[in-house]
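To keep things clear, I will list the structure first and then write my remarks on it.
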Amino acid sequence: MSSSELQRNRAVLPMSTVRELTLLTDRQIRYYEQHELITPQRGKGGQRRFSLNDIDRLLQIKDYLDAGDSTADIKELFAKAERKHQSQLDSENSLRRSLQDEFAQIARFNQH
DNA sequence: ATTCTCACA
DNA sequence: TGTGAGCA
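Residue 1 is where the first sequence starts when you use UniProt numbering, and the numbers rise one by one after that.
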C-alpha cells in the first residue's frame, strides 16, 4: 500500500471539519454511519475521527442521494465498487507474477 | 466548547 | 431527518 494511500486513511478529522467540508449536518453524517455507508474511527471519549477517504465517501453519498438512490442502494454500490477494485488488484498481481516468472526463465536460459 | 446517545409535545 | 436533554 502506498504512503499517500495510508495518509488518506488516517482518521484525524473531527465532526466540525467534516461538517464544513461536506456541507452536511452532523445529524446526517451519523445517520449515514448507522446505515453503514461510512465507518469512521473513534477517539477519546467516543468521538468520531474521519479520514480524507471518509470525506470522499460522504461527498459521493450526497451525489447518489441527489440522484435518487436510497441508502441501501448506495451501500450496495459501494460494495460492488469494492469487489471490482479487489479483482482489479488481483489481476494486476497475477500479471506481475507471470512476468516475473518469464524473466526468471529468460535469465536461466541466458546462463546456459 | 464540542461531540455523543437517546428519545420524541 | 430535526431538536433538545444530559453526559463526557
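Just so it is clear, CB atoms sit at the ideal spot from N, CA and C, and this is done for glycine as well.
Query: Taking Cβ to Cβ, would you say T22 is nearer than 8 Å to K62?; Result: yes
Query: What would DSSP say about L23, mapped onto helix, strand or coil?; Result: coil
Query: In whole angstroms, what is the alpha-carbon distance linking N53 and Q34?; Result: 18 Å
Query: Rounded to whole angstroms, what is the Cα-Cα separation between S51 and H112?; Result: 54 Å
Query: Report the option in P14, A104 and S70 whose CA atom is closest to the CA atom of G43.; Result: P14
Query: Per DSSP, F50 is paired with what?; Result: L13
Query: Thinking C-beta only, is R49 closer than 8 Å to A107?; Result: no
Query: Would you tell me roughly how many angstroms separate the C-alpha atoms of D56 and I38, rounded to the nearest one?; Result: 10 Å
Query: Alpha carbon to alpha carbon, how far is Y32 from A67?; Result: 16 Å
Query: Taking the Cβ atom as the reference point for each residue, do E20 and K75 lie within a distance shorter than 8 Å?; Result: no
Query: Taking the alpha helix (DSSP H) that S87 belongs to, which residues open and close that run?; Result: T71 to Q111
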